[in-house]
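A.B. asks: Encoded as structure tokens, here's the structure I'll be asking about.
In mature numbering (1 follows the signal peptide of the UniProt record, and there is no 0), the protein residues as written are -19 to -1, 1 to 125.
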């Protein structure tokens, strides 16, 4: 009987510790076709490291493309704006090549395990002209 009580107490303490460590945003998110992937990892309270990659395979009709961007974002109430400086821009809002100084990507986390990513602009040098960082992704653990 004592063994059962000790086991139950251990299970309860372990479950409470795991519940405290739950993070609703971190993990891997992927589009249905696998062409857009986002990895989200906590850095500090409310701040996350985000890595977004896109890969579109070459076909007879399409040349294909790919790229990625890594940055930090503060997530508040399921929303965040990632801004990463474009290495090819200068300090002007629009440089001589016409690119913006920052790649801006809006992140909207859904309670159903989805992540809506919308590229706002300035990301051309990160993925090329034929790709985008926009799409709806699903957390790898959604639906389990």
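Don't be surprised by glycine CBs; every beta carbon is placed ideally from N, CA and C.
For clarity, every value in this text was computed on a predicted model and none was experimentally measured.
Roughly how many angstroms separate the alpha carbons of residue 49 and residue 65, rounded to a whole number?
C.D. replies: One-based indexing of the chain shown puts residue 49 at position 68. One-based indexing of the chain shown puts residue 65 at position 84. So the two alpha carbons sit approximately 11 Å from each other.
A.B. asks: Give the DSSP-derived three-state secondary structure of residue 114 in the structure shown.
C.D. replies: As a first step, residue 114 is located in the chain shown; it is residue number 133 there, counting from the start. In this structure, residue 114 counts as coil in the three-state DSSP scheme.
A.B. asks: Assuming the contact rule is C-beta atoms closer than 8 Å, residue 102 and residue 67 should be a hit. Round their C-beta distance to whole Å, please.
C.D. replies: As a first step, residue 102 must be located in the chain shown, where it is residue number 121. As a first step, residue 67 must be located in the chain shown, where it is residue number 86. Not really, about 10 Å apart at Cβ, beyond 8 Å.
A.B. asks: Taking the straight line between their C-alpha atoms, what separation do you get for residue 59 and residue 6?
C.D. replies: Stepping through the chain shown from its first residue, residue 59 is reached at position 78. Stepping through the chain shown from its first residue, residue 6 is reached at position 25. If I take the Cα positions, the gap works out to 8 Å.
A.B. asks: With C-beta atoms as the reference, is residue 96 less than 8 Å away from residue 22?
C.D. replies: Residue numbering aside, residue 96 sits at position 115 when the chain shown is read from its first letter. Residue numbering aside, residue 22 sits at position 41 when the chain shown is read from its first letter. Going by C-beta atoms, residue 96 is not nearer than 8 Å to residue 22.
A.B. asks: Go to residue 25, then tell me how far its beta strand (DSSP E) extends in each direction, as first and last residue.
C.D. replies: Your numbering for residue 25 matches position 44 in the chain shown. It spans 17 to 25 - the beta strand (DSSP E) in which residue 25 sits, taken as one unbroken run.
A.B. asks: May I ask you to report which of helix, strand or coil DSSP gives residue 106?
C.D. replies: Here residue 106 refers to the residue found at position 125 when the chain shown is read from its first residue. DSSP places residue 106 in helix when its eight states are reduced to three.
A.B. asks: Can you tell me which of the three DSSP states residue 90 falls into?
C.D. replies: Mapped onto the chain shown, residue 90 falls at position 109. Strand, per DSSP.
A.B. asks: Could you tell me whether the Cβ atoms of residue 45 and residue 120 are closer together than 8 Å?
C.D. replies: As a position in the chain shown, residue 45 is number 64, starting the count at 1. As a position in the chain shown, residue 120 is number 139, starting the count at 1. It is not a contact, given that the beta carbons lie outside the stated cut-off.
A.B. asks: Taking buried to mean at least 16 other C-beta atoms within 10 Å of its own C-beta, is residue 42 buried or exposed?
C.D. replies: Along the chain shown, one-based indexing puts residue 42 at 61. Burial call: exposed.
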